Amino acid sequence: MYTFHQLGRKCPEFLTAEEAAERLKDFRLRLQYFARGVQIYIKQLRQDLQGKTGDILKTEESKLKVCALKVTSNINSLIKDLFHNPPSYKCMVTLSWKPAVKAAAHSTDPANTAGQKRFTPVTYDGSSNGASNAKKMNREPRQLYAPPSGKFSEKAGTFTGSTRGGSSGRPFRGRGFRRGSRGRF
1 MYTFHQLGRK CPEFLTAEEA AERLKDFRLR LQYFARGVQI YIKQLRQDLQ GKTGDILKTE
61 ESKLKVCALK VTSNINSLIK DLFHNPPSYK CMVTLSWKPA VKAAAHSTDP ANTAGQKRFT
121 PVTYDGSSNG ASNAKKMNRE PRQLYAPPSG KFSEKAGTFT GSTRGGSSGR PFRGRGFRRG
181 SRGRF
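Structure, rendered in C-alpha cells:
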C-alpha cells in the first residue's frame, strides 16, 4: 500500500487520466472493501488494548497488538488519502520497520534550524540582561477597555432610530420623506 502511494505521488496520472476512469472506479471499489476490513481490525485492536497499562502491555502479545495498531492506522490514513477526488498523496506515515526519528537527535546548529523558534532558557540571576529588565520596569500598565461614553451612548437603550422606510413616526403623506414642505415657507 505504501509503495503504491509513493508511486502515485511520482505519477499521479495513473489514476486521474481520462482513460483511467474505469481503473479508478475499480480501484476505489477494491479499496473500499479493504478499508472496511482495516477499520474492523483497528476497532478490535483498540478494544483488546483498552484499559491495559504497565506490565500487561510489556507482554509479547500486547507488543504485537500495539505494532499492528500502528500499521493498520498507517494503512487507514493512506486509504483516506487515496479516497480524495482526485486522489491526493499528501499523507506522511512512519514505517513500522524504520525507527522513529526523534526531534532532539538533530543538531542545534542555527543553519539546520531555519524556520524553527529559538529556545532561550530562563535564568533568575540579576546579572543577565540588565538593560532589558530596565525596559520592562519603565513600561506603563496595560490600558483596560473602556466602553464608549457621551452623547451617542447615554441613551443607547432608549434609541428609536428610523426604520428602513424612512418614516420618523409620522403618517405617510404620499410625496415621500419631507418632500412636501420644501420652498413653501
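Counted from 1, the sequence shown has number 94 at position 94 by UniProt numbering; the numbering is strictly sequential. Ideal Cβ placement from N, Cα and C applies to all residues, glycine included. From a predicted model like this one, the values you see are computed outputs, not experimental measurements.
- The straight-line gap separating the alpha-carbon atoms of Asn74 and Gln116 is approximately 27 Å.
- DSSP, read as helix, strand or coil, puts Phe152 in coil.
- Annotation for Tyr2: the continuous alpha helix (DSSP H) segment containing it runs 2-10.
- Annotation: the continuous alpha helix (DSSP H) that includes Cys67 extends over 60-82.
- Here DSSP, grouped into helix, strand and coil, assigns Gly54 to helix.
- Counting C-beta pairs closer than 8 Å gives three or more between the region 32-52 and the region 60-67, which meets the contact rule.
- Taking C-beta atoms under 8 Å as the contact rule, Leu78 and Met1 qualify, at a distance of about 5 Å.
- The beta carbon of Asp81 sits closer than 6 Å to the beta carbons of Ser88, Cys91 from its chain, once the five residues preceding and following it are set aside; these are given in chain order.
- Sequence-distant partners of Ile56 (beyond 5 residues in either direction) whose C-beta falls short of 8 Å from its own C-beta, in its chain, are Ser62.
- DSSP, reduced to helix, strand and coil, places Arg139 outside both helices and strands of the structure shown, so it counts as coil.
- Within the model, the alpha-carbon separation for Lys151 versus Gln143 is close to 23 Å.
- Nearest neighbour of Phe83 by Cα position, chosen from Pro141, Leu15, Thr123, Ser96, turns out to be Leu15.
- With a beta-carbon spacing of about 6 Å, Tyr41 and Thr72 fall inside the 8 Å limit used to define contacts.
- For Lys117, no alpha helix (DSSP H) run applies, since DSSP gives it neither H nor E.
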